[in-house]
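*Asks:*
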Amino acid sequence: MVWFKKRQFFVFLIIAVLAVYSMRLTEFDLSKFRDFENMGDFLSKWFPMNTDSLPYLFTESVLTISIAFLGSLFGLIIALPLSFQAARNTSGHRLIFAATRFYLSFLRSVPEFVFGLILLTTLGLGPFPAVIAIVLHNIGVLGKLISELIEAADKGPMEAMSAVGAKRWIGNLFAILPQIWPNVLSQFFYRFEVAIRTSLILGLIGGGGIGQQLFIHFKTFQYQLVSVDVLLIMIMVILVDYIGGKIREKVI
Amino acid sequence: MIKFENVSVLYPGAAEPALKDLSIHFNQGEFVCVLGKSGAGKSTFIRCINGLQPVSEGTVKWNDKSLAEMTPKENLEVRRKTGMIFQHFNLIPRMSVVQNILTGLFGYKKSYENLLGLFDSNERMSALEAIDQVELTVEPTRRVENLSGGQKQRVAIARALIQNPKVFLGDEPVASLDPGTAERIFHLLKETHIKRNLVSIINVHDVGLAKKFATRIIALKKGKLIFDGSPENFDEKVYAETYNQ
Ligand SMILES: Nc1ncnc2c1ncn2[C@@H]1O[C@H](COP(=O)(O)OP(=O)(O)OP(=O)(O)O)[C@@H](O)[C@H]1O
Ligand SMILES: [Mg+2]
């Protein structure tokens, strides 16, 4: 046992205990898969797909993508300047730093779903509150990620900028943004992908888009439409992942 | 022109000051090489000259005006008139050769002009001239990250040249270059220095380069000035004192 120390063994034990306890809480029981055939029966009701409403469902998918896109784009645009205040090396003042950090953690700690529920009361049903909910949460997430990238940036270029007599904020912008840009884009596309899944969930509370359709079709037993919804969702996620990958390749 | 009066620098948390009670004076036209062992305080010294490093005690004066008492505007004036060249070049990645050189003008221009990249044809011409002066033969639109070390240092020197500096500061500007390239870069610095009648203050590890190019050598040891004189007087005895223990 040369590879392991006593302490590592102890850690392993703790993880095992936690896993067993969690299995109890979640009623984790693989033997329940005995009734596997039921699932087969159920899935067979999904076919053949009902393609009549395909054009309509397609526009609903475009709506979902729009919600996710705006949610991450506006999130990024707002998070970017905030993250410079939330990074130790570029923040204007210690108090601004602390306040921005706190604000970002707060936004991060509230799930989009909760923002959505709260916004429903003022904005009513529809895609708009969904966009705002995703924007708010994304400001928190992207702000933190980008401020960490800023803190890890090479400080050489920043020194060069102060040495030529550039204003502090101009120097920071030029010295840091090019360094972190590829990573920022990466994070943006990842958040875009996550936002698609989130906007599906927000469909449950009337956020609109393909998620809401899926929810309605499921509740009303229209399984041949459910299959179309699911297919469209899968295509969407794969597409965003693919396009994001291509753009990242170009940039790096 | 540049004067240190009893300057000390104590880094937070350090037991010993990095510069101790340093007084020295530099005149127009001097090409000064700063020698000293690793940790002797060379970088700290260079960075005090343009105020990148604030001093703990004493004053650094430019034309009899103390850096610490200058208004932000006067401070900016000092910085933009000082071309600084770094060991690791400190170029901005993902930007082209000519874009990097133009950032040398940032101290002279309005923020929105810098932000939007509004440079007039004169300014763009002077960037191209700077490329010629440092004998860079790469495409001006090429991105700087995959240039060779010598090419990168030339871009960095061109960035300093376009500032139209009165003072050159170098913090080991040739330490990451091969000996041949290092000597060519020093030639370039010396030539420009003479052409524009500058004050140049440059850290080097290579005593040979210092003796060949400097008009004056100073040596630091544990933050103290232990030699200040002409290259001929920097003999074996001084060499030993500078680099021993
Ligand atoms: N930011 C800092 N914080 C604390 N101590 C520092 C800092 N920078 C330098 N020092 C210390 O100050 C002393 C002088 O450092 P300096 O970088 O000026 O030396 P140097 O002569 O340039 O050395 P080298 O030849 O290795 O570059 C060293 O003891 C170093 O550890
Ligand atoms: Mg140094």
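As given, the protein sequences belong to chains A and B, one line each in that order. Sequential numbering from 11 applies to the first sequence in this note's numbering. Sequential numbering from 746 applies to the second sequence in this note's numbering. No residue lacks a Cβ here, since even glycine has one placed at the ideal position from N, Cα and C.
#1: Should residue 876 of chain B be flagged as near chain A, meaning a C-beta pair shorter than 7 Å?
#2: Which same chain residues, not among the five before or five after residue 959 of chain B, have their C-beta less than 6 Å away from its C-beta?
#3: Report, in whole angstroms, the separation of the C-beta atoms of residue 927 of chain B and residue 831 of chain B, which I expect to be a contact under 8 Å.
#4: Grab the span of the alpha helix (DSSP H) containing residue 269 of chain A for me, first residue to last.
#5: On the CB-based measure, 16 or more other CB atoms within 10 Å of its CB, does residue 135 of chain A come out buried or exposed?
#6: If you measure beta-carbon to beta-carbon, which residues of the segment 182 to 212 of chain A are closer than 8 Å to chain B?
#7: Just the chain B side, please: which residues come within less than 9 Å of residue 169 of chain A by C-beta, in chain order?
#8: Just checking, does the segment 46 to 66 of chain A make contact with the segment 105 to 125 of chain A on the three C-beta pairs under 8 Å criterion?
#9: If you draw a straight line from the C-alpha of residue 69 of chain A to the C-alpha of residue 152 of chain A, how long is it?
#10: Where does residue 811 of chain B fall in DSSP's three states?
#11: So what does residue 774 of chain B bridge to, in DSSP terms?
#12: For a contact defined as C-beta to C-beta under 7 Å, what are the partners of residue 908 of chain B on chain A?
#13: For residue 913 of chain B, count neighbouring Cβ atoms within 10 angstroms of its own Cβ and tell me buried if that reaches 16, exposed if not.
#14: Would you mind stating whether residue 239 of chain A and residue 203 of chain A have Cβ atoms separated by less than 7 Å?
#15: List the residues of chain A whose Cβ lies closer than 7 Å to the Cβ of residue 869 of chain B, in chain order.
#16: Any heavy atom of ligand 1 closer than 6 Å to the Cβ of residue 760 of chain B?
#17: From residue 869 of chain B to residue 834 of chain B, what does the alpha carbon distance come to, in whole angstroms?
#18: Any contact between the segment 171 to 180 of chain A and the segment 841 to 853 of chain B? By contact I mean 3 or more CB pairs, one from each, below 8 Å.
#19: Buried or exposed for residue 875 of chain B, going by 16 or more other Cβ atoms inside 10 Å?
#20: Less than 6 Å between the CB of residue 787 of chain B and some heavy atom of ligand 2, yes or no?
#21: Can you name the residues of chain A whose CB is closer than 7 Å to the CB of residue 838 of chain B?
#22: Ligand 1 heavy atoms versus the CB of residue 857 of chain B: any closer than 6 Å?
#23: Determine the DSSP secondary structure at residue 965 of chain B, reduced to helix, strand or coil.
#24: Does residue 166 of chain A get closer than 7 Å to chain B when you measure Cβ to Cβ?
#25: How far does the alpha helix (DSSP H) with residue 168 of chain A in it reach, from first residue to last?
#26: Just to check, is the beta-carbon of residue 984 of chain B closer than 6 Å to a non-hydrogen atom of ligand 1?
#27: Just to confirm before moving on: does the CB-CB distance between residue 180 of chain A and residue 163 of chain A stay below 7 Å?
#28: When the Cα of residue 804 of chain B is compared with those of B:750, B:794, B:822, which residue comes out closest?
#29: If I measure Cβ to Cβ from residue 67 of chain A and keep anything under 8 Å in the same chain, skipping five residues before and after, which residues do I get?
#30: Taking CB distances under 7 Å as the criterion, tell me whether residue 859 of chain B reaches chain A.
#31: Quick check: the segment 139 to 149 of chain A against the segment 200 to 217 of chain A, are at least 3 beta-carbon pairs closer than 8 Å?
#32: Excluding the 5 residues flanking residue 988 of chain B on each side, which residues of the same chain have their C-beta closer than 8 Å to its C-beta?
#33: Output the distance between the C-alpha atoms of residue 25 of chain A and residue 762 of chain B, rounded to the nearest integer angstrom.
#34: Do residue 784 of chain B and ligand 1 come close, with the Cβ less than 6 Å from some heavy atom?
#35: Any beta carbon from chain B within less than 7 Å of residue 180 of chain A's own beta carbon?
#36: Measuring alpha carbon to alpha carbon, tell me which of B:780, B:878, B:829, B:981 ends up nearest residue 966 of chain B.
*Replies:* Once the coordinates are examined:
#1: Taking Cβ atoms only, chain A never reaches closer than 7 Å to residue 876 of chain B, which makes this a no.
#2: 776, 778, 976
#3: With a Cβ gap of about 15 Å, residue 927 of chain B and residue 831 of chain B do not count as contacting.
#4: Because chain A here runs from 11 to 262, residue 269 of chain A falls outside it and cannot be looked at.
#5: exposed
#6: 183, 184, 185, 188, 189, 191
#7: What residue 169 of chain A touches in chain B: 792, 797, 829, 831, 835.
#8: no
#9: 29 Å
#10: strand
#11: Answer is none; residue 774 of chain B lacks a bridge partner.
#12: 174
#13: buried
#14: Their beta carbons are not under 7 Å apart, which means residue 239 of chain A does not touch residue 203 of chain A by this criterion.
#15: Those do not exist, as residue 869 of chain B stays about 17 Å from chain A at its closest Cβ, beyond 7 Å.
#16: no
#17: 21 Å
#18: yes
#19: A buried status is given to residue 875 of chain B, since no fewer than 16 other beta-carbon atoms sit within 10 Å of its beta-carbon.
#20: Relative to ligand 2, residue 787 of chain B has its C-beta within less than 6 Å of a heavy atom.
#21: 188, 189
#22: no
#23: strand
#24: With 7 Å as the cut-off, residue 166 of chain A counts as an interface residue toward chain B.
#25: 166 to 173
#26: Residue 984 of chain B has its Cβ no nearer than 6 Å to any heavy atom of ligand 1.
#27: With contacts defined by Cβ atoms closer than 7 Å, residue 180 of chain A and residue 163 of chain A do not form a contacting pair.
#28: B:750
#29: 220, 223, 235, 238, 239, 242
#30: yes
#31: yes
#32: 782
#33: Distance between the alpha carbons of residue 25 of chain A and residue 762 of chain B: 49 Å.
#34: yes
#35: yes
#36: Comparing Cα-Cα distances from residue 966 of chain B to each of B:780, B:878, B:829, B:981, the minimum goes to B:780.
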